[in-house]
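J.: Numbering (the working numbering), first residue to last: 126 to 223. I have a structure here, written as C-alpha coordinates, and I will follow up with some questions on it.
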(Lines of atoms letter the chains of each structure in order from A and count residues from 1; the text may use other names and numbers.)
(Lines give C-alpha, C1' and ligand atoms only; values in the text may rest on other atoms or scores of the structure.)
Protein backbone atom coordinates (compact mmCIF):
# COMPACT_ATOMS: atom_id res chain seq x y z
CA UNK A 1 0.00 0.00 0.00
CA UNK A 2 1.13 3.53 -0.65
CA UNK A 3 0.20 6.85 0.90
CA UNK A 4 -0.09 9.08 -2.17
CA UNK A 5 -3.86 9.02 -1.64
CA UNK A 6 -4.18 7.50 1.81
CA UNK A 7 -7.97 7.58 2.15
CA UNK A 8 -10.45 6.68 -0.58
CA UNK A 9 -14.07 7.88 -0.33
CA UNK A 10 -16.90 6.36 -2.35
CA UNK A 11 -18.97 7.90 -3.70
CA UNK A 12 -16.84 11.05 -3.81
CA UNK A 13 -19.82 13.42 -4.05
CA UNK A 14 -22.95 13.80 -1.98
CA UNK A 15 -25.69 15.15 -4.22
CA UNK A 16 -28.54 16.32 -2.04
CA UNK A 17 -31.92 17.87 -2.89
CA UNK A 18 -32.78 21.34 -1.58
CA UNK A 19 -35.46 19.70 0.54
CA UNK A 20 -32.79 17.73 2.42
CA UNK A 21 -31.81 14.08 2.47
CA UNK A 22 -29.07 11.61 3.29
CA UNK A 23 -26.28 9.83 1.46
CA UNK A 24 -24.14 6.86 2.54
CA UNK A 25 -20.40 6.80 1.91
CA UNK A 26 -17.44 4.49 2.55
CA UNK A 27 -13.98 5.55 3.64
CA UNK A 28 -11.05 3.13 3.14
CA UNK A 29 -7.54 3.51 4.57
CA UNK A 30 -5.23 2.69 1.65
CA UNK A 31 -2.09 3.57 3.61
CA UNK A 32 0.33 1.27 5.41
CA UNK A 33 -0.33 2.81 8.84
CA UNK A 34 -3.16 3.76 11.18
CA UNK A 35 -4.59 7.23 10.53
CA UNK A 36 -6.54 9.79 12.54
CA UNK A 37 -9.26 11.69 10.67
CA UNK A 38 -11.61 14.62 11.19
CA UNK A 39 -14.56 15.78 9.08
CA UNK A 40 -14.86 19.53 8.48
CA UNK A 41 -17.80 21.32 6.87
CA UNK A 42 -18.25 24.70 5.23
CA UNK A 43 -21.89 24.69 6.41
CA UNK A 44 -22.46 23.19 9.86
CA UNK A 45 -26.01 24.54 10.06
CA UNK A 46 -27.27 22.50 7.07
CA UNK A 47 -25.07 19.39 7.24
CA UNK A 48 -24.60 16.64 9.80
CA UNK A 49 -22.12 13.77 9.51
CA UNK A 50 -22.59 10.84 11.87
CA UNK A 51 -18.79 10.54 12.37
CA UNK A 52 -16.85 13.75 13.05
CA UNK A 53 -13.53 12.06 13.69
CA UNK A 54 -11.77 8.93 14.74
CA UNK A 55 -9.14 6.38 13.80
CA UNK A 56 -9.03 4.15 10.76
CA UNK A 57 -6.72 1.14 10.73
CA UNK A 58 -4.73 -0.17 7.77
CA UNK A 59 -7.13 -1.46 5.05
CA UNK A 60 -10.15 -0.73 7.29
CA UNK A 61 -13.43 0.47 5.78
CA UNK A 62 -15.74 2.81 7.70
CA UNK A 63 -19.22 3.80 6.59
CA UNK A 64 -20.64 7.23 7.30
CA UNK A 65 -23.85 9.10 6.54
CA UNK A 66 -24.17 12.73 5.45
CA UNK A 67 -27.50 14.37 6.27
CA UNK A 68 -28.53 17.69 4.76
CA UNK A 69 -31.36 19.82 6.12
CA UNK A 70 -33.59 21.73 3.71
CA UNK A 71 -31.98 24.98 2.64
CA UNK A 72 -30.92 27.31 -0.13
CA UNK A 73 -28.52 26.01 -2.78
CA UNK A 74 -24.88 26.94 -2.28
CA UNK A 75 -21.49 25.37 -3.00
CA UNK A 76 -21.02 23.58 0.35
CA UNK A 77 -17.93 21.47 1.03
CA UNK A 78 -17.10 18.62 3.37
CA UNK A 79 -13.42 17.97 3.91
CA UNK A 80 -11.89 14.88 5.50
CA UNK A 81 -8.54 15.77 7.08
CA UNK A 82 -6.20 12.94 8.04
CA UNK A 83 -2.73 12.34 9.46
CA UNK A 84 -0.65 9.60 11.07
CA UNK A 85 -2.22 8.46 14.33
CA UNK A 86 0.29 9.14 17.10
CA UNK A 87 -1.85 9.68 20.20
CA UNK A 88 -4.87 8.24 22.00
CA UNK A 89 -7.39 10.99 21.01
CA UNK A 90 -8.13 11.30 17.28
CA UNK A 91 -9.42 14.88 17.42
CA UNK A 92 -6.38 16.16 19.38
CA UNK A 93 -4.33 15.55 16.22
CA UNK A 94 -6.13 18.50 14.60
CA UNK A 95 -6.16 21.09 17.40
CA UNK A 96 -4.58 24.35 16.31
CA UNK A 97 -4.66 23.44 12.61
CA UNK A 98 -7.13 26.00 11.26
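Backbone N, C-alpha and C define an ideal beta-carbon position, used for all residues, glycine too. Quantities reported herein were computed from a predicted structural model and do not represent experimental measurements.
Keeping to the same chain, check which residues put their C-beta closer than 7 Å to that of residue 147; ignore five residues upstream and five downstream.
T.: Working through the chain shown from its first residue, we reach residue 147 at position 22. Correct list, in chain order: 190, 191 and 192.
J.: Considering only the beta carbon of each residue, do residue 160 and residue 131 sit closer than 8 Å?
T.: Along the chain shown, read from residue 1 onward, the residue named residue 160 stands at position 35. Along the chain shown, read from residue 1 onward, the residue named residue 131 stands at position 6. Yes, the Cβ-Cβ distance between residue 160 and residue 131 is below 8 Å.
J.: Over the uninterrupted beta strand (DSSP E) stretch that includes residue 208, give me the two end residues.
T.: Walking along the chain shown from the start, residue 208 turns up at place 83. Its beta strand (DSSP E) spans residues 203-209.
J.: Smallest Cα separation from residue 135: which of 143, 141, 150 and 145?
T.: One-based indexing of the chain shown puts residue 135 at position 10. The shortest Cα separation from residue 135 among 143, 141, 150 and 145 belongs to 150.
J.: Which one of 197, 218, 208 and 214 has the shortest CA to CA distance from residue 142?
T.: Position 17 of the chain shown, counting from 1, holds the residue named residue 142. Residue 197 is the option with its Cα nearest to residue 142.
J.: Leaving out the 5 sequence neighbours to the left and right, which residues in its chain are closer than 8 Å to residue 176 when beta-carbon positions are compared?
T.: Within the chain shown, residue 176 is the residue found at index 51, counting from 1. Hits under 8 Å: 164, 187 and 189.
J.: Out of curiosity, what's the CA-to-CA distance linking residue 211 and residue 205?
T.: The residue you call residue 211 lines up with position 86 of the chain shown. The residue you call residue 205 lines up with position 80 of the chain shown. Spanning the two alpha carbons is a distance of roughly 18 Å.
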